[in-house]
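Numbering (the UniProt record's numbering), first residue to last: 1 to 96.
Okay, here's the thing in structure tokens:
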């Protein structure tokens with residue numbers, strides 16, 4: 001989107017209306033959530049989906065190996081068992 005400046009009114013209770021052209025440019029439809037970021041004296045509005053996409057991209061850029069959710073859960077079970085002094089090798093053999 002090209003840079004544009006629009007004057008909008010902010011009511012006494014803090015409510016404001018995003019003009020239709022801004023909502024369209026941001027891909028907002030109907031009821032939706034956005035992320036509001038305040039930096040110094042400026043406000044940035046971002047669709048919530050963009051934050052998720054950025055987080056996923058950061059993960060992919062920094063993940064050093066492919067792991068599934070099942071791999072993660074197995075590791076957590078093993079750590080929890082180790083914390084409680086349990087032997088997880090027998091449980092792993094049973095599940096195989």
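Built from N, CA and C at the ideal position, the CB exists for glycine as well.
Exercise for the section: Evaluate contact between the region 72-81 and the region 45-63, counting only Cβ atoms and requiring at least three cross-stretch pairs below 8 Å. Expected result: no
Exercise for the section: Determine the closest residue to residue 32 out of 45, 6 and 11, with distance taken between C-alpha atoms. Expected result: 45
Handout entry: Residues of its chain near residue 34, where Cβ-Cβ distance is below 8 Å and the 5 sequence neighbours each way are ignored
Key = 26, 28, 45, 46, 47 and 48
Problem - Endpoints, the beta strand (DSSP E) within which residue 42 is located - result: 42-47
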